[in-house]
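Heads up: the structure comes next, in structure tokens.
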Amino acid sequence: MWLNSNAMEVVLQPTPGITLRSLGGIFDLFFIAGPDPSSIVSQYTKIVGKSYLPPYWSLGYHQCKFGYGSLNRTRQVLEQTQKAGIPIDVQWNDIDYMDNHKDFTYDKNGQFKDLPSFVQGLHEQGLHYVPIIDPGISSTEKAYYKAYDYGLKMDIFIKNASSVPFNGRVWTDGKTVWPDFTHESTEKYWYTMFKDYHDQVAFDGAWIDMNEPSNFYDGQEHGCEDSQWNNPPYVPRSIDGGKLFHKTLCPSAKQALGRHYDLHNLYGYSEAITTNKVLTDIRQKRPFIISRSTFPGFGHYAGHWTGDVLSDWSSLHDSITGVINFNLYGIPLVGADICGFNGNTTAKLCQRWTELGAFYPFSRNHNTDNGIDQDPVSLGPAVVQAAKESLERRYELLPYLYTLFVKAHLFGHPVVTPTFFHAHPGDKQAYYIDNQMFWGNELLICPVLNEDTFVVTAYLPSGIWYDYRSYSRISAQVPGFVTLPAPPEIVPLLAKGGSIFPSQLPGAKTTKDSQSMPFHIKVFLSENQHASGELFWDDGDSLNTYHRKAYSHVLFHAGNSRLKAIMKRNSSLLPLPRIQNVSVIGLNLNVTQVELGQKSIPFDYDAKLNVLKIQLNLTMPQNFILKWK
214 MWLNSNAMEV VLQPTPGITL RSLGGIFDLF FIAGPDPSSI VSQYTKIVGK SYLPPYWSLG
274 YHQCKFGYGS LNRTRQVLEQ TQKAGIPIDV QWNDIDYMDN HKDFTYDKNG QFKDLPSFVQ
334 GLHEQGLHYV PIIDPGISST EKAYYKAYDY GLKMDIFIKN ASSVPFNGRV WTDGKTVWPD
394 FTHESTEKYW YTMFKDYHDQ VAFDGAWIDM NEPSNFYDGQ EHGCEDSQWN NPPYVPRSID
454 GGKLFHKTLC PSAKQALGRH YDLHNLYGYS EAITTNKVLT DIRQKRPFII SRSTFPGFGH
514 YAGHWTGDVL SDWSSLHDSI TGVINFNLYG IPLVGADICG FNGNTTAKLC QRWTELGAFY
574 PFSRNHNTDN GIDQDPVSLG PAVVQAAKES LERRYELLPY LYTLFVKAHL FGHPVVTPTF
634 FHAHPGDKQA YYIDNQMFWG NELLICPVLN EDTFVVTAYL PSGIWYDYRS YSRISAQVPG
694 FVTLPAPPEI VPLLAKGGSI FPSQLPGAKT TKDSQSMPFH IKVFLSENQH ASGELFWDDG
754 DSLNTYHRKA YSHVLFHAGN SRLKAIMKRN SSLLPLPRIQ NVSVIGLNLN VTQVELGQKS
814 IPFDYDAKLN VLKIQLNLTM PQNFILKWK
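The sequence shown lines up with residues 214 to 842 when you count with my numbering.
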């Protein structure tokens, strides 16, 4: 691992070899031994920082569009989504909610005048609201504008080579300046602006965009002065426009910690650190932040979306690699814009993208202002059905997904993993698989990535696999490809034999609803009739629940014709929902009796599928054992 914040070039060689060229800075080289891929990620995140634990509600479905144009349209899209029965947790707005695109404002006299009451209404429904907040601050307003005037007074803006605030251009009618997040006073400035705005509109998280930082100019209005910083002797060949200041700040610009030349790639990272701190201080809850620009260690503070992807089938395919890679980088809260951002999607593309996007760790539908409306309802019944089906599965599996995020937070494990993580080291074929992804070690997602295709070819590592929905068994004693049916409204999900999923009963339309839904414990047995799993449970929003021991932790183990639940910790602060159902799948036994403790309880055994179904209706204040024979 090579850590360096300067402009750089990476050249791969067939020898094999790699050439790294940097335009300055400090070279931090780390050699991580493993011995396996998962261990490498854990060791890497131990160096750069393990990922933060996001709020539970942020694992629900998010909806946005650049160019709703009005609060009425925002509300209409939300309401038609709810009316269609699609689970949703978070409504977003892009820059069109602002007053002339100015940060920390909303259009009070126009199309968004009722935004505060709208957000209050969301909260009353158990929903949440996230606005975009760009770092660029308008610097040419005729009237008093606190975001600029207060920042100017505090002297926290990045300066040009002449030591006056650097002026570029982003979305506003005039010029733009940028806060210097390496300045010791910028945290106070950022807190003040966020607090003032939160007092008006009680938003729940922040979308920090344009933080590469993006600039509509190449440097300032008339470019950058000729200097060793702006025009170094060598420029990496991958740099857009062939110059370091293409659509960004001049490298000669001055920040508290040095030249922008050395700090450019740290801008979004330093903004995320500050935003995480001020959101935590203001809300006294876990922060939720999604950013475009990242850096090693970024996942310790925020999540990421993969930028302005195209609405096409190729981008749908590539999104899998993007989500996997960022998980390997220690940024597990990641997703692509469902249905694509630029260009117009189609109903067929959006249907399949919705099925995959329901299993991104960060699941948000979003697109550009000159694209068609692409929320599920706007694209018709086929997309609605795909959204309902796939998101219902997601919400059932939220306890499992949340537990994966806890393990990422505590141990550095990725939430989403590639196929080669689960294959034998000698299985070279697994390294080429880029059309599927895993949640953790147990759930394989096999999306359709081509138009008018109703089967998928999945690559299964050795072991026993089951269709998550039907419980039918799929054997792969040796690694190999299998063909799976994929009807239009279905993304194939496979459960690995030996896994236990603490899922919840279907029907929740928000994460608030889901947190009170009874559990359905799904046990998928291995060839030797064993399985294991775990559940981490807290209120999903409070700070430092693990360190305050305000959580419950349950271990599940199946084997020797019994299921054990072991309470490693039981918090009285948030009681666990009851266990209503237990399903044991792949059972090689014609069951005649099931006992809870010494008491016989009713059951149903499907000999065709080898599935034992038990209605338990049991609270979990303590350990329990289910036995069958």
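Even for Gly, the Cβ is constructed at its ideal location relative to N, Cα and C.
Secondary structure of residue i, DSSP reduced to three states
| i | result |
| --- | --- |
| residue 639 | coil |
| residue 793 | strand |
| residue 579 | coil |
| residue 366 | helix |
| residue 828 | strand |
| residue 403 | helix |
| residue 250 | helix |
| residue 286 | helix |
| residue 664 | coil |
| residue 654 | coil |
| residue 821 | coil |
| residue 681 | coil |
| residue 630 | strand |
| residue 278 | coil |
| residue 813 | strand |
| residue 224 | strand |
| residue 536 | helix |
| residue 264 | coil |
| residue 529 | helix |
| residue 570 | helix |
| residue 702 | coil |
| residue 688 | strand |
Residues bridged to residue i [DSSP beta-bridge criterion]
| i | result |
| --- | --- |
| residue 695 | 671 |
| residue 550 | 577 |
| residue 845 | Past the edges of the chain, shown from 214 to 842, lies residue 845, and the structure says nothing about it. |
| residue 342 | 304 |
| residue 327 | None; residue 327 has no bridge partner. |
| residue 389 | 351 and 381 |
| residue 337 | None, per the DSSP bridge assignment. |
| residue 311 | DSSP lists no partner for residue 311. |
| residue 321 | The partner list for residue 321 (beta bridge, DSSP) is empty, contrary to what the question assumes. |
| residue 396 | For residue 396, which the question treats as bridged, DSSP gives no partner whatsoever. |
| residue 798 | 737 and 824 |
| residue 555 | 523 |
| residue 372 | 378 and 467 |
| residue 518 | 548 |
Buried versus exposed, by CB contacts within 10 Å (16 or more), residue i
| i | result |
| --- | --- |
| residue 333 | exposed |
| residue 588 | buried |
| residue 462 | buried |
| residue 285 | exposed |
| residue 583 | exposed |
| residue 606 | buried |
| residue 239 | exposed |
| residue 520 | exposed |
| residue 741 | exposed |
| residue 439 | exposed |
| residue 366 | exposed |
| residue 215 | exposed |
| residue 702 | buried |
| residue 220 | buried |
| residue 321 | exposed |
| residue 228 | exposed |
| residue 761 | exposed |
Proximity of residue i and residue j at Cβ, strictly below 8 Å
| i | j | result |
| --- | --- | --- |
| residue 343 | residue 404 | no |
| residue 727 | residue 611 | yes |
| residue 656 | residue 697 | no |
| residue 557 | residue 585 | yes |
| residue 581 | residue 279 | yes |
| residue 471 | residue 522 | no |
| residue 347 | residue 371 | no |
| residue 629 | residue 545 | yes |
| residue 293 | residue 661 | no |
| residue 754 | residue 268 | yes |
| residue 676 | residue 710 | yes |
| residue 428 | residue 437 | no |
| residue 407 | residue 391 | no |
Cutoff 8 Å: residue i Cβ touching any chain C Cβ
| i | result |
| --- | --- |
| residue 544 | Absent here is chain C; the protein component of the structure consists of one chain. |
> Which runs of the alpha helix (DSSP H), 4 residues or longer, sit entirely within the region 596-622?
Replying inline: none
>> In chain order, what are the residue ranges of uninterrupted beta strand (DSSP E) at least 3 long that sit wholly in the region 732-771?
In response: 732-737, 744-750 and 765-771
>> Report the start-end ranges of each alpha helix (DSSP H) in the region 417-503 that is 4 residues or longer and not cut off at the edges.
In response: 473-476 and 480-496
> Which runs of the alpha helix (DSSP H) spanning at least 4 residues fall entirely within the region 709-735, listed in chain order?
Replying inline: 724-727
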